[in-house]
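One structure below.
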Amino acid sequence: MWKTILRRIIIMIPQIIILSVLVFILAKFMPGDPFTGSITPQTDASQLHALKVQAGLYDPWYTQYFHWVVNMFHGNFGTSYQFKEPVMAVIGVRAVNTLWLSLFTVILTYLIAIPLGLLAGRYEDTNLDRGIMFFNYVTYAIPLFVFLVLGLWLFGYVLGWFPSGGSVSLSASGFGSVFSRFYHLILPGVLTALLSTTGTVQYLRSEIVDQKHQDMVATARAKGVPERKVFSRHILRNSLLPIAAFMGYSITGLLGGSVFVEQIFTYPGMGQLFINSISNRDFSVITALVMIYGILALFGTLLSDIIMSIVDPRIRIK
Amino acid sequence: MSKKWSIGAVAVLAALSLAACGNSKSASSTSSKKPTLPLSYSSKKKAISGGTLKVAEVNTAAFKGIWDNALTTNAEDTDMMQFGNEGLFAVNKDFKIVDGGAANLRLNQKAKTATIKINPKVKWSDGKPLVAQDVAYAYKVLANKGTASQYYTGSIANIQGIAAYHDGKAKDISGVQVKNKRTVVLHFKVMKPGMKTSGNGYFWETAEPYHYIKNVPFKKLASSDQVRKHPLFFGPFKLAKEVSGESVKWVPNTYYYKGTPKLKEIDMQVVSPDSIAAALKAHKYDVTFGLGSSTYGKVKNTSGYTFTGKKALAYDYLGFNLGKYDAKTGKNVMNKNAKMADPKLRQAIAYAMNIDAVEKKFSNGLGSRLTTLIPSAFSEYQDKSAKGFPLNLKKANKLLNEAGYKKGKDGYRTDKNGKKLTIHLAEMQGNSNTQAIVKNYIQQWKKVGLRVTLTNGRLLDMNNFYEKVQANSKDVDMFEAAWSLSSEPSQMDLYSETAPFNMGRFVSKKNTQLLNKMDSEKAFDTNYRVKAFKEWQNYMNKEAAYVPEVEVVQSYAVNNRVKNFSLSNASKDFNWADVQVTSNSLSK
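Here the protein sequences come in this chain order: H and S. Using this note's numbering, you'd call the opening residue of the first sequence number 1 and step up by one each time. Using this note's numbering, you'd call the opening residue of the second sequence number 319 and step up by one each time.
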């Protein structure tokens with residue numbers, strides 16, 4: 001298995017190279033440049049020109065690409081045009097914010113979704129199942145941004161139970177700031193988690209319903225295995241496969257961030273950074289982010305495959 | 319407040335001035351009379367001692383936290399640091415530099431110098447005095463290539479020796495002379511009448527704490543802790559804490575030269591435009607910055623708040639593609655055969671626009687039609703008798719008939735040679751109303767027989783828009799854009815023969831002559847300059863190469879517990895140090 005993993009990682013190298021060329025060329029194809037957005041009547045065109053020359057924006061793309069790749073190998077993604085700070089510093093702050101929020105959301109999502117899916121599958125066609133399915137349709141139908149705005153309005157402003165924005169309170173310090181951080185996560189985390197359960201609940205339920213009618217389950221029952229054991233041993237393990245298949249993506253997807261949540265809760269994270277960098281043509285941040293996302297996606301698939309091989313003995317990486 | 323240069327991005331401005339929500343109820347309630355928002359607000363109740371002021375920065379983007387005027391290029395940072403970031407000079411309501419600030423300015427036309435004398439009481443927030451070296455060092459920060467400052471301009475290069483320093487040919491700037499501990503003398507190549515006004519760009523109006531940053535290499539300055547984490551200011555407040563991209567906490571600068579501020583703390587937080595209305599209704603903030611006119615419409619009757627406002631130093635305009643910019647000679651070249659070359663055609667297009675109706679419908683009473691290219695924030699220089707281009711379809715038709723654009727059977731006019739005439743309008747993405755407003759104007763132009771279509775058939779992204787417009791792309795015949803202005807009204811940077819931002823490339827002898835007149839030595843006499851400005855405005859309206867469209871009132875919510883808040887341009891009318899609150903909780 002280790003050999004396979006190593007081989008998979010070696011295959012990733014050409015994939016990453018192709019990705020980097022595509023990312024770089026596409027970024028350069030965008031009209032405009034990092035300075036367009038900050039032009040005012042006082043901006044001097046010749047100084048702008050000089051700054052662009054200084055930033056290497058007039059070099060041919062392959063020269064720019066070469067510089068970028070060489071720097072990248074030194075762990076240097078360049079300096080952000082907007083923030084005037086090293087790209088990794090800019091991303092670092094936001095990555096931490098996003099990581100906490102995503103982690104909280106993902107854990108909460110599974111905590112809600114797995115029991116719901118199990119119950120619905122086990123008690124198929126009962127009122128409980130219908131109730132859960134109804135909840136599922138509702139969460140599927142509501143657009144995230146509407147739900148977030150409504151939730152913020154109700155719990156943040158009308159009832160005032162939770163902070164209405166930001167990642168930490170200005171006045172918190174020491175241990176208080178850890179608590180404050182968590183307090184700020186609750187509302188966006190819970191609201192997002194509630195709407196993210198749909199897929200998991202649905203998959204789990206239908207898998208359980210499928211598995212219930214499998215021959216091996218009938219055999220187990222015929223052997224006199226107690227119903228509880230039939231579920232936990234024979235049905236559950238098999239039903240979790242599709243969920244396990246997505247686990248790798250979920251883990252690497254933690255850094256993706258959500259534009260909606262971040263925008264509505266003014267929570268500075270990766271999603272907002274990505275969108276703002278695109279609209280301001282902050283090339284160094286855009287390319288760094290896309291590269292990071294790309295590499296994470298590649299590792300996500302690998303991770304999913306490994307998880308699959310652990311939970312499903314039929315699949316063995318050869 | 320923002321008595322300095324405005325560094326708002328064009329995109330931000332476009333959103334600001336076009337922003338409006340189709341709330342028909344509130345639109346109809348703002349009948350023909352515009353509500354004039356007061357410039358100041360002060361609670362009548364007794365102030366408490368201390369207190370925390372909560373300020374909201376309404377924005378979709380996180381601020382960047384570059385706490386240095388010479389290095390930051392975004393409006394959010396400027397807003398977030400206003401409590402400590404005081405300029406060197408005091409100004410009056412017309413942005414003229416007057417005595418009484420951290421430093422006084424004396425211009426000497428004959429010697430071509432400006433003498434900056436620092437008030438000996440002024441101290442940085444670490445207790446060290448503000449000295450001449452601090453004022454002088456700011457020019458090195460600006461001009462050194464290492465900082466890559468966008469504020470090194472042709473105007474600042476008017477200081478002797480600064481170009482040599484910029485190019486690395488000199489170690490010091492010969493024209494910036496430290497005369498003694500508290501006096502700096504600037505030597506210019508030419509004197510300009512704009513030097514009397516703040517925001518002129520010929521000299522820098524803030525200082526850098528030399529003792530504090532002298533060991534930081536220029537290249538590393540923007541990312542250094544001295545700028546990012548623990549900046550020094552000589553204004554009323556100092557930065558106590560920052561949550562990256564979210565919020566900042568300011569506490570009194572006990573060394574402030576005008577006396578310790580009254581408030582105990584100011585907290586400023588970025589709030590999404592999506593939730594600011596709910597936040598105000600829940601009484602979360604005392605003061606808002608960057609409130610859009612659509613939000614204003616939703617919250618203007620919220621109890622516990624008074625809305626103040628002032629005319630923005632900005633305007634929207636319609637430009638016409640008349641030529642090209644020759645990068646080699648650095649000059650705009652007008653093409654006499656351009657599609658839009660006939661002033662009568664341009665005037666007709668302007669007269670066909672129903673700007674008044676659009677503003678009444680969408681701006682919640684904050685927007686109004688602008689009648690000249692000088693917005694009314696420049697009350698001294700604006701020609702108040704100018705009529706601009708009020709809706710007049712008859713006149714538009716008459717002008718087009720005179721110019722020889724004949725109407726065909728399909729109701730559309732042909733060009734002067736009888737060929738099909740299609741005018742391409744480049745339009746930037748704004749808010750949800752932009753599309754509707756543009757469609758309305760296209761219908762208006764159809765009424766006078768002009769076929770107008772959108773460039774690319776849709777609204778353009780900001781970068782795409784400016785790339786096309788600045789390159790005078792063939793598929794752009796006219797474009798709607800906006801400018802956010804500096805407080806010095808010279809029009810050279812925008813409309814002169816050598817201005818790259820004269821994006822329509824309008825050039826004429828008369829225009830050059832009038833622009834030069836406005837910035838001439840004689841124009842040091844304000845009366846003469848005002849007259850020259852009026853002459854130019856009159857001329858530009860006749861040529862209609864740029865049609866002034868809209869200016870807006872920027873509104874600010876102020877909670878009723880706040881004392882001594884004002885938007886006045888004059889330094890003597892407002893200082894954050896004087897702001898107080900009358901209770902510990904916000905008025906409901």
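Cβ atoms here follow ideal geometry from the backbone N, Cα and C, with glycine treated the same way.
(request) Give the single residue among H/ASP312, H/GLY271 and H/GLY294 whose Cα lies nearest to the Cα of H/LEU19. (result) H/GLY294
(request) Take S/TYR874 as the anchor and find which of S/ALA475, S/GLY608 and S/LEU663 has the nearest alpha-carbon. (result) S/GLY608
(message) Bridge partners for S/TRP568 per DSSP, in chain order?
(response) S/LEU557 and S/ILE584
(message) If contact is defined by three or more beta carbon pairs under 8 Å, each pair taking one atom from either stretch, is the stretch 522-530 of chain S in contact with the stretch 447-461 of chain S?
(response) yes
(request) Could you please give the first and the last residue of the uninterrupted beta strand (DSSP E) stretch that includes S/TRP801? (result) 796-802
(request) Sort S/GLN872, S/GLN788 and S/ALA695 by Cα distance to S/GLU798 and report the nearest one. (result) S/GLN788
(message) Quick check: is the beta carbon of S/GLY563 nearer than 8 Å to any beta carbon in chain H?
(response) yes
(request) Output the distance between the C-alpha atoms of S/LYS649 and S/GLU815, rounded to the nearest integer angstrom. (result) 6 Å
(request) Measure the C-alpha to C-alpha separation of S/GLU698 and S/SER541 and round it to an integer number of angstroms. (result) 41 Å
(request) Could you list the residues in the stretch 605-624 of chain S with a C-beta less than 8 Å from some C-beta on chain H, going in chain order? (result) none
(request) Establish whether the CB of S/TYR633 and some CB of chain H are separated by less than 8 Å. (result) no
(request) Could you please tell me which residues of the stretch 496-509 of chain S, in chain order, have their CB closer than 8 Å to any CB of chain H? (result) none
(request) Measure the beta-carbon distance from S/ARG546 to S/GLY383 and round it to whole angstroms, keeping in mind my assumption that it falls under 8 Å. (result) 6 Å
(request) Give me the Cα-Cα distance between S/LEU425 and S/PHE892, rounded to the nearest whole angstrom. (result) 26 Å
(message) Distance check for H/ILE278 and S/SER838, CA to CA, integer angstroms please.
(response) 43 Å
(request) Along the beta strand (DSSP E) that carries S/GLY685, what are the first and last residues, could you check? (result) 685-687
(request) Mind reading off the beta-carbon distance from S/ILE673 to S/ARG687? Whole number of angstroms is fine, and I expect it under 8 Å. (result) 4 Å
(message) Could you tell me the alpha carbon to alpha carbon distance between S/ALA474 and S/MET513, rounded to whole angstroms?
(response) First, the residue type needs correcting, since residue 474 of chain S is Ile and not Ala in the sequence shown. Cα to Cα, S/ILE474 sits roughly 11 Å from S/MET513.
(request) Apply the 10 Å Cβ neighbour rule to S/ALA488 and answer buried if 16 or more other Cβ atoms are within range, or exposed otherwise. (result) exposed
(message) Give me, in chain order, the residues of the same chain whose beta-carbon lies closer than 7 Å to that of S/VAL766; leave out the 5 immediate sequence neighbours on both sides.
(response) ALA666, ALA670, LEU711, ALA714, ASN715 and LEU718
(message) Quick check on H/ARG8 - is its C-beta less than 8 Å from some C-beta in chain S?
(response) no
(request) Let me know the secondary structure DSSP gives S/ASP412 once reduced to three states. (result) coil
(request) Quick one: give me the first and last residue of the alpha helix (DSSP H) that S/ILE436 is part of. (result) It is not in any alpha helix (DSSP H) - S/ILE436 instead sits in the beta strand (DSSP E) that spans 431-436.
(message) Taking 8 Å as the cut-off, does the stretch 778-786 of chain S touch the stretch 737-749 of chain S (at least 3 CB pairs, one atom from each stretch)?
(response) yes
(message) I'd like to know whether the C-beta atoms of S/LYS458 and S/ARG500 end up nearer to each other than 8 Å.
(response) no
(message) Can you tell me where the beta strand (DSSP E) holding S/SER270 begins and where it ends?
(response) This structure gives no information on residue 270 of chain S, because the portion of chain S shown stretches from 319 to 906.
(request) Check whether the Cβ atoms of S/SER612 and H/THR266 sit closer than 8 Å, and answer yes or no. (result) no
(request) Using alpha carbons as the reference points, say which of S/TYR813, S/TRP854, S/GLN872 and S/SER562 lies closest to S/ALA695. (result) S/GLN872
(message) By the DSSP assignment, the beta strand (DSSP E) with S/ILE760 in it spans what residues?
(response) From DSSP, S/ILE760 is part of no beta strand (DSSP E) but of the alpha helix (DSSP H) over 752-765.
(request) Identify whether S/LYS351 lies in helix, strand or coil by the three-state DSSP scheme. (result) Its pLDDT being 46, under 50, S/LYS351 is placed unreliably in this model, and the value from its coordinates should be taken loosely. S/LYS351: coil per DSSP, three-state reduction.
(request) Compare the beta carbon distance of S/VAL373 and S/VAL605 with 8 Å and say whether it is the shorter of the two. (result) yes
(message) Quick check on the DSSP output: the alpha helix (DSSP H) that includes H/GLN214 runs from which residue to which?
(response) Taken as a continuous stretch (DSSP letters only), H/GLN214 belongs to no alpha helix (DSSP H), as it is neither H nor E.
(message) With a threshold of 8 Å on Cβ separation, who are the neighbours of H/VAL149 within its own chain once the five nearest residues in sequence on each side are excluded?
(response) ILE264
(request) Check H/LEU51 in the structure and name its three-state DSSP category. (result) helix
(request) Note down the Cα distance separating H/ARG130 from H/TRP153, rounded to an integer number of angstroms. (result) 30 Å
(request) Could you give the DSSP three-state label for S/LYS890: helix, strand or coil? (result) helix
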